[in-house]
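Read through the structure below, which is laid out as structure tokens, and then see the notes.
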Amino acid sequence: MADQNSREADAGATDDDRTTRGHAGEAIVDTRNWPGYICIGVALVSVGLTLTAAGYGFTGWVWIGAIAAPVLLVAGVALVLLERKRVKALEGKSLTDPAGH
């Protein structure tokens, strides 16, 4: 019984034995990064679709994709960096502080 209670208490604890990184698994746990990751993913898909449209000669779609891909990429990177800056600020660190990773 006591063993089971200790396992339940340790379920939310950080696994320091198997990782040395301070934010291991942060991308999964902290869902505020997800919109940035989605924007980056859509930007990459947009690049592929733009190249396909260019290959088939659809110039209208090429212009749309050529505008959408960089905008989505910049927005996604900005969202991820802003969230990373927020997490670092909660720790009392700057975004540019040197770290092991």
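FYI, the numbering for the sequence shown is 737 to 837, going by the numbering used here. The beta-carbon is built from N, C-alpha and C at its ideal position, and this holds for glycine as well. Quick caveat: nothing in here was measured; it's all calculated off a predicted structure.
Ranking Ile764, Ala763, Gly801 and Thr832 by CA distance to the CA of Gly784 puts Gly801 first. Residues of the same chain with a CB within less than 8 Å of the CB of Leu815, apart from the 5 flanking positions on each side, are Asn769, Pro771, Gly772 and Cys775 in chain order. Here DSSP, grouped into helix, strand and coil, assigns Glu827 to coil.
Per DSSP, Gly772 is one residue of the alpha helix (DSSP H) stretching across Trp770 to Tyr792.
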